[in-house]
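Asker: The numbering used here numbers the first residue of the sequence shown as 60 and each following residue consecutively.
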Amino acid sequence: MNNQQDFLIVDTEGKHQVNEIAVINSQGNLIYEAFVQEYAAHDHIKLNRKPLQQIILEFNNLAQNKLLICHHADHDFQVLQNSFIAVEVPWQNFQFACTYKLAKKYFPNLISYSLEYLSKKLNLKVKQKYFNSQQAHSARYDAEFTYQLYWKVMEEITIKRLQNQPNPFGSSRVDTPFQEHLDLTSIYNNQFATLKSIITDIKYDQNHQSKGVIVIGEPGTGKTHLMMRLAQEVLEVNRLLFIRQPNNPDAVIYHTYSRILESLIEKVTQSNYTQLEYLLANSFRKIIQNNLIDNTNQKDQFILAATQTNPLELYDSLGTDGTQKKRDYWQHIEKRTLEWWLEHYGGAGYSLEIIKGIIKFCSYSDFNYKKLVTRWLAADELAPEELDKIKLNNWNEEISKENFSLEAIAVLSKLSLLDEPLIIIFDQLEGLGLKHHEKLLLSFGEAIKEIFTHVPNSLIIFNLFPSRWQHFQQILDGSIVDRISQYQVTLEKPNYSDLEQILQLKAAIIDLDVKTLFTEQELVNILAGNSIRAVLNRAADYYRYKVNQIPLPQLSSQSLTHSLASEETILPRIEKLEQQFTQLQKLLANLAQAFSGFTNTLAVTNKQELQSNEPNNYPTNQEVIDYLETQKKLLEQDYDKLQIISDSDDIGKLKTIIEAFQTIVNLEIDHLRLGKKKIPDHLVVKKTNYTLVIGFLQIDGTAFTTRIKNFNELVINHKEIRFLLLRDNRKPKLTGKVAQEEITKLNNSANGKFSLIDRDNRISFEVIYRLVTDIYNRDFDVSLVEAFNALKQQLNNYWLIKLMQ
60 MNNQQDFLIV
70 DTEGKHQVNE
80 IAVINSQGNL
90 IYEAFVQEYA
100 AHDHIKLNRK
110 PLQQIILEFN
120 NLAQNKLLIC
130 HHADHDFQVL
140 QNSFIAVEVP
150 WQNFQFACTY
160 KLAKKYFPNL
170 ISYSLEYLSK
180 KLNLKVKQKY
190 FNSQQAHSAR
200 YDAEFTYQLY
210 WKVMEEITIK
220 RLQNQPNPFG
230 SSRVDTPFQE
240 HLDLTSIYNN
250 QFATLKSIIT
260 DIKYDQNHQS
270 KGVIVIGEPG
280 TGKTHLMMRL
290 AQEVLEVNRL
300 LFIRQPNNPD
310 AVIYHTYSRI
320 LESLIEKVTQ
330 SNYTQLEYLL
340 ANSFRKIIQN
350 NLIDNTNQKD
360 QFILAATQTN
370 PLELYDSLGT
380 DGTQKKRDYW
390 QHIEKRTLEW
400 WLEHYGGAGY
410 SLEIIKGIIK
420 FCSYSDFNYK
430 KLVTRWLAAD
440 ELAPEELDKI
450 KLNNWNEEIS
460 KENFSLEAIA
470 VLSKLSLLDE
480 PLIIIFDQLE
490 GLGLKHHEKL
500 LLSFGEAIKE
510 IFTHVPNSLI
520 IFNLFPSRWQ
530 HFQQILDGSI
540 VDRISQYQVT
550 LEKPNYSDLE
560 QILQLKAAII
570 DLDVKTLFTE
580 QELVNILAGN
590 SIRAVLNRAA
600 DYYRYKVNQI
610 PLPQLSSQSL
620 THSLASEETI
630 LPRIEKLEQQ
640 FTQLQKLLAN
650 LAQAFSGFTN
660 TLAVTNKQEL
670 QSNEPNNYPT
680 NQEVIDYLET
690 QKKLLEQDYD
700 KLQIISDSDD
710 IGKLKTIIEA
720 FQTIVNLEID
730 HLRLGKKKIP
740 DHLVVKKTNY
750 TLVIGFLQID
760 GTAFTTRIKN
770 FNELVINHKE
780 IRFLLLRDNR
790 KPKLTGKVAQ
800 EEITKLNNSA
810 NGKFSLIDRD
820 NRISFEVIYR
830 LVTDIYNRDF
840 DVSLVEAFNA
850 LKQQLNNYWL
860 IKLMQ
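1) Using three-state DSSP, classify T549 as helix, strand or coil.
2) Counting only runs of 4+ residues fully inside the segment 395–443, write out the alpha helix (DSSP H) ranges in chain order.
3) Out of D819, F190, S475, which one is the CA nearest neighbour of N880?
4) Using only the alpha-carbon positions, how far apart do L339 and I609 sit?
5) With distances taken from CA atoms, which of I728, V831, V327 is nearest V683?
6) Starting from K270, trace the alpha helix (DSSP H) in both directions and tell me its first and last residue.
7) Quick check: what's the CA-CA separation for S671 versus K211?
8) Can you find a heavy atom of the ligand COA that lies under 7 Å from the Cβ of K415?
9) Going along the chain, which residues of its own chain have a beta-carbon closer than 7 Å to the beta-carbon of L161, five neighbours each way excluded?
10) How big is the Cα-Cα spacing for S330 and I216?
11) By the three-class DSSP mapping on this structure, what secondary structure does Y604 have?
12) Quick one: what does DSSP say F463 is sitting in, helix, strand or coil?
13) For E97, count neighbouring C-beta atoms within 10 Å of its own C-beta (all shown protein chains included) and say buried if the count is 16 or more, exposed if not.
14) Helix, strand or coil: which one does DSSP assign to K74?
15) Just the C-alpha distance for G754 and Q690, rounded to the nearest angstrom, thanks.
16) Does the count of Cβ pairs from the segment 585–599 and the segment 225–232 closer than 8 Å reach three?
17) From the DSSP output, in three-state form, read off R298 for me.
18) Hey, would you say E772 sits closer than 8 Å to L733, going by beta carbons?
19) Judging by CA-CA distance, which residue of Q547, S475, V548 is the nearest neighbour of N516?
20) How about L713 and L694: do their beta carbons lie closer than 8 Å?
21) Is T764 buried or exposed, if buried means 16 or more other CB atoms sit within 10 Å of its CB?
22) I need the boundaries of the alpha helix (DSSP H) containing L576, first residue and last residue.
23) What is the C-beta distance between I802 and I767, in whole angstroms, given that I count them as a contact (C-beta under 8 Å)?
24) In this structure, how does DSSP classify T333 when only helix, strand and coil are distinguished?
25) Count the other C-beta atoms from every protein chain shown that fall within 10 angstroms of the C-beta of F426, then say buried if there are 16 or more, exposed otherwise.
26) Tell me the DSSP secondary structure of L815 in three-state form.
27) Which residues in the same chain as V844 place their Cβ atom closer than 7 Å to its Cβ, once the five residues preceding and following it in sequence are excluded?
28) Looking at the structure shown, is L785 part of a helix, part of a strand, or coil, going by DSSP?
29) Can you tell me whether DSSP reads D478 as helix, strand or coil?
30) Looking only at C-alpha atoms, which of I710, H495, Y159, S322 sits nearest to Q238?
31) Confirm, please, whether the CB-CB distance from F420 to L300 is below 8 Å.
32) What span of residues does the alpha helix (DSSP H) with D46 cover, start to end?
33) What do you reckon, are the CB atoms on E497 and I543 nearer than 8 Å?
34) Measure from the alpha carbon of E466 to the alpha carbon of each residue in S317, N807, I218, then state which is nearest.
35) Throw me the rounded Cβ distance for the I507 and M286 pair, which I believe falls under 8 Å.
36) Take E295 and list the residues in its own chain whose beta-carbon comes closer than 7 Å to its own, dropping the five residues that flank it on each side.
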């Protein structure tokens, strides 16, 4: 049957003809009640006493084109038909549905299907009260419980249909703006318009000065989701660059540039081209246009004509891969671009080489060549045979990656002056507010000041909690605070109606009406969440409970701790008390029922009968396990994407993990030195019974050889310490003879080991780091203790978890 059809619940009283009738609409409202005037038992009733003919005529008008739902519908059908005949009103071909028959189909093997039994068995309530047999057999009372029964049946039908459907509420967070999630654009529409207007201001500002925006919102209010909406709307026009929280105070700008580079090599939605290719195509066309008057040739004219309607034709119109024609055109593009740069900005620093690298990346269609150039643009040292493939030279080994990165970001922003303003988003910054990250926060502030000074034509967005923004203002220099907060955009929790629309938008994926699956009280509980994410998470919990019979989880202790620690402490505490009070009410009501004779009858029912509606609780630990599985799948999907893997980032991740669990496990961290010699980025982790040095060496070429030699010297000098040197398996294979010899030396030592980080080990490492940062960023509300217990259970064989036990 179609539960979307408009319906009326009808209950009649009377053996052969109607003597009492009640009608409830599909919203649950009593819209008609009448008592037959000719029926002697109604003499004491003053309201709604009417002649039978009037009642039938009024009912006939109400029932047109409606599905009529009754309990024991055959009886109501006969009573109504007899009444129509008695007052000489033509009988209409009404469509009926019967909750008695529906209940037998969807709730089989019950000992009775009376309205009273079903209402009590299914814990149905009207106005927060269970079925009372003393009030039964009045039309209104029975109609009200028939309405509840009908929706219970509809819920069961829905649940059976959804058994093999995905949980539509299961995805409650946006990790990066490049993901795709459903978006109710009416929410935060004004804030979105503000961001777009600032981009326009930057574009038409004569100086193209970069502007800072603080987007303020509590956890789960949709800050990153708003960035996703921005990406979806502007990505074909603007370059959107996403930077997660830095983790190493010595490499904040390099971290920023690495994440910018990763964003630029992301493909634009519904396109085969990356953001970097969009940037170059649009910029180069403007360069030719600017040079046409004084300095044009046949190649310029050909490129201009080919790209007139679509600049991206630059990549399809210059010849076939591997041909001299294509090489000649790309050499011309490089020549023209460098001429333009020299004329406007000069040739100091790394800028000319960076531009060459950008052009090289865009000139190749082969993924492996693009990968080589990406590593080169990340200031990695390439092997001679790799350099020969892409015709570039290695960077100086003594290069300052921080200075290089700042200049590279500046080059990109200056190229964007010929395109559209850049959008640079700093997200997941909450961990910077931790006490042990104060040095990192100060380094971040100084890096941002440098970026604002040297990088024009950019909207720079910082997503922050209100409390973190207050903390940043107390710690950071006033000049930095002023630059990053030229604009402030605040995201408040949407209203009840908007939240319900979000649920319905999600539910529509599987053709579901939330009001069919969830009761009114369940919706109230779901929508009481203190953020969009909390509402979706609670809806996902209820969905699993109702469809998959997975008990509802308790609110985590961490969630309560966060609520009490936030600026708004009163409301969460009241909500918690209300939940406890509601649970107590349910318990008392159930106890009252337990002592009724009715429960004794229920005790003999078949074991296959319906389970109680009262959920059990399962440990919060399971939430962490579910989280780990979800994040593992996401990391597996992204594993083969182009990524900038660096020592500074990996050691920062390791330090973040160790520091997080130091309060749980007795660990100390330190570092070693070898005079002025360069050694791999590392941490010394001290436990009661032993000390382990963990280092990363993701660099290549002679730099790798030099640093592993120095590392081996440390191994020899500290025989009481164990050493572990790690390198990602996706980095180029080390073929140099000396490098291989040093690896062998390390592995043959009594206290040292060189190990490649394979796919499984990398994903385990990243999932632990993501868990810690998500807890810091309040994207996942569990305590570090709960997290650590789950890690010991799920990753008990992983070396890092073993180290911390």
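Even for Gly, the Cβ is constructed at its ideal location relative to N, Cα and C. Quick caveat: nothing in here was measured; it's all calculated off a predicted structure.
Answerer: To lay it out plainly:
1) strand
2) Assignment of alpha helix (DSSP H) within the segment 395–443, counting only whole runs of 4 or more residues, yields 410–422, 426–436 in chain order.
3) Residue 880 lies beyond the range of the chain shown here (60 to 864); nothing can be said about it.
4) 52 Å
5) V831
6) Looking at the DSSP string, K270 is not in any alpha helix (DSSP H); the run it does join, the beta strand (DSSP E), is 270–276.
7) For S671, the predicted structure reports a pLDDT of 39, less than 50, and the residue's modelled location is therefore unreliable. A value from the coordinates is still provided. One C-alpha to the other measures close to 13 Å.
8) Ligands are entirely absent from the displayed structure, and the ligand COA is therefore not among its contents.
9) V212
10) 42 Å
11) In the three-state reduction of the DSSP assignment, Y604 falls in the helix class, which pools H, G and I.
12) helix
13) exposed
14) Coil at K74, not helix or strand.
15) So the two alpha carbons sit approximately 25 Å from each other.
16) Short answer: they touch.
17) strand
18) yes
19) S475
20) no
21) The residue in question, T764, is buried, as its Cβ has 16 or more Cβ neighbours within 10 Å.
22) 573–576
23) 7 Å
24) strand
25) exposed
26) Three-state DSSP puts L815 in a strand.
27) I723
28) Of the three classes helix, strand and coil, the one that applies to L785 here is strand, per DSSP.
29) DSSP, reduced to helix, strand and coil, places D478 outside both helices and strands of the structure shown, so it counts as coil.
30) Nearest C-alpha to Q238: S322.
31) no
32) Only positions 60 to 864 of the chain appear in this structure, which leaves residue 46 out of reach.
33) Cβ distance not < 8 Å, so E497 and I543 don't count as in contact.
34) The shortest Cα separation from E466 among S317, N807, I218 belongs to S317.
35) 18 Å between Cβ atoms; not a contact.
36) V327
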